[in-house]
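In terms of my numbering, the numbers along the sequence shown are unbroken and rise by one, the last being 1624.
Glycine residues also receive a C-beta, built at the ideal position from the N, C-alpha and C atoms.
None of the values given here were measured: they were computed from a predicted structure.
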Amino acid sequence: MERRGRGRNVSSSQSTRGRSNRFVSKPTSAATPKSSSGGATGTEKAQKDAVDNHSDVPAIVGTCPLMCPEGERAQRERLRDLAVFERLHGNPRQSSPDLAVKKFFRTTSNKQVEASDVRPLPVLEDTLNYLLNLFDSREYPFEVVHDFLFDRTRSIRQDLSMQNVVNDKVIHMYEKMVKFHIISLRKLRGCRSQNTSSTHYLNMEQLAKTLTSLFDLFFRMGNYKRFLSTIAAEASYLQYCILEPYINQVRALAVLCINNGGYRLHPYPLAHLSKLLMMTESDLESLCRACGLDICTDEDGCNLLPTKQTTFCHPKDGFQSYRVLGLEEFER
């Protein structure tokens, strides 16, 4: 069914172009806002716990301007621990800032890591573009290419995680890395190496972890307006069928955010909120009451949502069906 159309001292201004275009995608919508309701479902509680866990971890602000810290590059040159893509003129004991890329190393805590060894977001963006430009390299077998990108993209995710950065650019990077692992699934099946089965398993494992991190990023962004508008603008009927059960959960969490974050003396107009949530004002009033919230009326007869109410809860019997404005043809 068709979609319904509606070492390199790198800087973000020097984006790498070329064969990595297959990894380019449009920015996607962020998912649901955070909930602090005691009546949250198990999934919502797990999402909230994930967000809380991130906030407990002290973030690092990376200062390394290179794809690989100089100290690591020097050490790996001494140990002859250079991948074929990192060797200067093929020399296993010599690399350069334009070739060396930071390896993945296990750490137990951010306290063990120096800021000078962590790459900031602009460097990580261009490092990822550099790596993905190697993806279609025919100079070496795909297993060799995959092993290099597998480890170095994992290191990129580690640097992002340690800095606890959440924005559209990070989401776009994770989407590219998800695509790398998905395309690798097919390409690895065509390899004849003895270790392909274990490589395939590890690739699947990191694909699952990358998708989990991507979902967490969407959740932490909490952009319910873009979530709903993207569905209305781009979703096919099949995609809408998959997403429909979650739309009212997103709406309820949006109402919760408005309720918790609003100013008590200034109730929120339902007419404005209904436009954000792409539903009729009468449906929104029904949703608010189903969530245990009261609605008031001003002297002009306009419905308002008083904020700072402490009675929010999720309906015990679930949400009733509410239309999505702009998708009426899907709901006939």
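- Under the Cβ criterion (8 angstroms, minimum of three pairs), the region 1486-1504 does not count as touching the region 1545-1561.
- The alpha carbon of residue 1435 has as its nearest neighbour, out of 1448, 1488, 1463, the alpha carbon of 1488.
- Take the alpha-carbon of residue 1397 and the one of residue 1366: they are about 16 angstroms apart.
- Residue nearest to residue 1491 within the set 1460, 1473, 1384 is 1473 (criterion: CA-CA distance).
- For residue 1437, same chain residues with a beta-carbon under 7 angstroms away, outside a window of 5 residues either side, are 1426, 1427, 1429 in chain order.
- The bridge partners DSSP lists for residue 1597 are 1560.
- Within the same chain, and ignoring the five residues on either side of residue 1575 in sequence, the residues whose Cβ sits closer than 8 angstroms to its Cβ are 1566, 1614, 1615.
- Residue 1563 and residue 1594 have their C-alpha atoms some 8 angstroms from each other.
- Boundaries of the alpha helix (DSSP H) around residue 1507: 1488-1513.
- Here DSSP, grouped into helix, strand and coil, assigns residue 1355 to coil.
- DSSP places residue 1383 in the strand class (E or B) of the three-state scheme.
- Closest option to residue 1556, judged by alpha-carbon separation, among 1585, 1529, 1601: 1601.
- A check of alpha carbon separations from residue 1448 across 1502, 1404, 1477, 1569 identifies 1502 as the nearest.
- The beta carbon of residue 1369 sits closer than 8 angstroms to those of 1385, 1386, 1387, all from its chain and outside the five residues before and after it, given in chain order.
- Residue 1352 places its beta carbon less than 8 angstroms from that of residue 1405.
- Taking the Cα positions, residue 1552 is about 7 angstroms away from residue 1599.
- Assignment of residue 1588 by DSSP, reduced to helix, strand and coil, places it in the strand class.
- Here DSSP, grouped into helix, strand and coil, assigns residue 1555 to coil.
- Inclusion of residue 1462 and residue 1509 in the CB contact set at 8 angstroms is warranted, their separation being smaller than that value.
- The Cβ atoms of residue 1568 and residue 1542 do not sit closer than 8 angstroms to each other.
- Note on geometry: alpha-carbon atoms of residue 1597 and residue 1586 lie some 7 angstroms from one another.
- Buried is the label assigned to residue 1409, since at least 16 other Cβ atoms lie within 10 Å of its Cβ.
- With a contact defined as Cβ atoms closer than 8 angstroms, residue 1471 and residue 1315 qualify at about 5 angstroms.
- By the Cβ neighbour-count rule, residue 1533 is exposed, with fewer than 16 other Cβ atoms within 10 Å of its own.
- In the structure shown, the three-state DSSP call for residue 1455 is helix.
- In this structure, 1439 is the residue among 1439, 1526, 1511 with its C-alpha nearest to the C-alpha of residue 1376.
- Going by beta carbons, residue 1560 and residue 1506 fall outside the 8 angstroms limit.
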